[in-house]
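Reading through the structure tokens given below for one structure.
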Ligand SMILES: Cc1ncc(COP(=O)(O)O)c(C=O)c1O
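Numbering (the numbering used here), first residue to last: 255 to 625.
This is the structure:
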């Protein structure tokens with residue numbers, strides 16, 4: 255039988271849409287000896303992870319826990335717990351992840367109404383209001399930071415509109431949590447999910463989820479069981495809540511990593527962290543424009559954590575990204591869906607959002623494009 259060499263991964267500069275760069279502190283935390291998932295030491299650590307998650311989400315929500323799985327698991331847990339056949343949802347779709355929400359909600363038997371915006375643009379509270387007037391629904395879902403386009407949908411005022419029609423506000427904050435302002439309680443967001451591998455700078459594998467009182471009430475008022483056993487948040491609460499009884503075996507090392515990455519968020523402070531992301535984002539935007547590259551999203555709604563660049567006429571997408579990776583060790587991503595072949599996506603998230611990385615990617619692009 256073939257034998258295999260020791261694992262030997264190159265140290266990439268990860269400037270794509272995630273996973274982002276991870277601090278050596280987080281990697282070291284993952285290498286700690288395993289604990290049992292019901293060990294009192296681990297149970298102590300679970301509480302710390304939850305407290306740090308509440309700090310980062312800016313919430314006091316008791317039901318705040320890391321769902322085992324990537325961002326899509328968090329997405330599916332919120333959709334599966336909120337919706338049952340006969341329910342309805344309005345989804346603002348302005349990119350690939352809005353489409354994923356539509357697909358998931360349909361699979362759980364909900365009637366799905368769409369508020370479509372062109373890729374790169376965002377929905378406004380007025381447009382959500384107009385859509386709800388025609389179709390009042392149980393849930394309104396919005397992707398805060400659309401990773402496929404680099405557009406940020408302002409959330410202020412969204413909850414007021416949803417609540418006016420008796421709907422709950424569900425927010426995807428996979429590419430915003432820990433990178434740009436997000437105030438779960440102040441903004442009245444009822445339920446939200448994120449991922450560890452973006453602005454939290456942790457490997458992929460957990461999905462922070464927070465559930466407010468009205469969404470919890472909706473869980474309790476369901477007529478049918480949640481159609482997904484693994485992601486039933488009320489059952490998961492028996493493990494992450496006061497009982498601490500077994501549901502599934504928590505990914506222990508990933509929780510070590512999440513704890514450390516959230517500790518780094520807390521040490522830096524949220525405001526300073528948002529400011530760092532914004533300043534480095536602006537540096538990148540200025541540098542790209544100096545290279546005569548066009549940024550797709552207007553500055554008003556542009557995400558500092560993920561920038562989309564229009565691929566210039568005559569330039570071969572795969573060739574440039576290949577050279578960035580092979581000659582400069584830098585990963586950036588191509589476009590998804592409607593932006594396939596049309597855009598590059600450059601991420602400056604968490605530990606990767608540094609002046610040095612901005613300089614590196616700009617210098618590499620300058621050389622490769624000969625500008
Ligand atoms: C906005 C958004 N939502 C959901 C997801 C899904 O997360 P994952 O790929 O971790 O399952 C992603 C992943 O990039 C995302 O960017």
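Ideal Cβ positions, reconstructed from N, Cα and C, are used throughout, including at glycine.
heavy atom of ligand 1 below 7 Å from residue i C-beta
i: residue 374; result: no
i: residue 455; result: no
i: residue 585; result: no
i: residue 462; result: no
i: residue 347; result: no
i: residue 399; result: yes
i: residue 458; result: yes
i: residue 321; result: no
i: residue 326; result: yes
i: residue 428; result: yes
i: residue 272; result: yes
i: residue 589; result: no
i: residue 604; result: no
i: residue 449; result: yes
i: residue 412; result: no
i: residue 351; result: yes
i: residue 329; result: yes
8 Å contact criterion, which residue i and residue j should meet: CB distance rounded
i: residue 452; j: residue 488; result: Rounded, the Cβ-Cβ distance is 27 Å, inconsistent with contact.
i: residue 558; j: residue 535; result: 3 Å
i: residue 440; j: residue 529; result: Their Cβ separation, rounded to whole angstroms, is 18 Å, which puts residue 440 and residue 529 out of contact at 8 Å.
i: residue 328; j: residue 587; result: Residue 328 to residue 587, Cβ: 21 Å. No contact.
i: residue 600; j: residue 538; result: 7 Å
i: residue 253; j: residue 421; result: Any property of residue 253 remains undetermined from this structure, which presents the chain solely from 255 to 625.
i: residue 347; j: residue 370; result: 5 Å
i: residue 276; j: residue 435; result: About 23 Å separates the two Cβ atoms, so there is no contact after all.
i: residue 550; j: residue 562; result: 4 Å
i: residue 334; j: residue 446; result: No, residue 334 and residue 446 are not in contact; Cβ-Cβ is about 15 Å, not under 8 Å.
i: residue 298; j: residue 349; result: About 40 Å separates the two Cβ atoms, so there is no contact after all.
i: residue 373; j: residue 403; result: 5 Å
For residue j and residue i, the rounded distance between their alpha carbons
i: residue 320; j: residue 345; result: 24 Å
i: residue 468; j: residue 444; result: 7 Å
i: residue 462; j: residue 471; result: 20 Å
i: residue 486; j: residue 302; result: 22 Å
i: residue 272; j: residue 417; result: 33 Å
i: residue 232; j: residue 454; result: Because the chain spans 255 through 625 in this model, residue 232 falls outside it and cannot be assessed.
i: residue 336; j: residue 506; result: 27 Å
i: residue 396; j: residue 389; result: 16 Å
i: residue 527; j: residue 433; result: 7 Å
i: residue 583; j: residue 565; result: 20 Å
i: residue 376; j: residue 616; result: 28 Å
i: residue 614; j: residue 368; result: 40 Å
i: residue 572; j: residue 579; result: 10 Å
i: residue 314; j: residue 427; result: 17 Å
i: residue 437; j: residue 379; result: 17 Å
i: residue 268; j: residue 287; result: 27 Å
i: residue 503; j: residue 290; result: 9 Å
i: residue 317; j: residue 363; result: 25 Å
i: residue 501; j: residue 323; result: 14 Å
i: residue 448; j: residue 545; result: 33 Å
i: residue 490; j: residue 310; result: 21 Å
i: residue 306; j: residue 591; result: 35 Å
i: residue 596; j: residue 478; result: 44 Å
i: residue 424; j: residue 261; result: 40 Å
i: residue 512; j: residue 414; result: 32 Å
i: residue 263; j: residue 604; result: 21 Å
i: residue 279; j: residue 508; result: 13 Å
i: residue 339; j: residue 331; result: 16 Å
DSSP state of residue i mapped onto helix, strand, coil
i: residue 320; result: strand
i: residue 388; result: helix
i: residue 431; result: coil
i: residue 606; result: helix
i: residue 411; result: coil
i: residue 530; result: helix
i: residue 574; result: helix
i: residue 595; result: coil
i: residue 368; result: strand
i: residue 447; result: strand
i: residue 299; result: helix
i: residue 618; result: helix
i: residue 541; result: helix
i: residue 553; result: helix
i: residue 261; result: coil
i: residue 425; result: strand
i: residue 404; result: coil
i: residue 564; result: strand
Exercise for the section: Please go through the region 459-499 and give each complete alpha helix (DSSP H) segment of 4 or more residues, from N-terminal end onward. Expected result: 467-474, 487-494
Exercise for the section: With a floor of 4 residues, list each alpha helix (DSSP H) that falls wholly inside the region 306-362, ordered by position along the chain. Expected result: 325-336, 350-361
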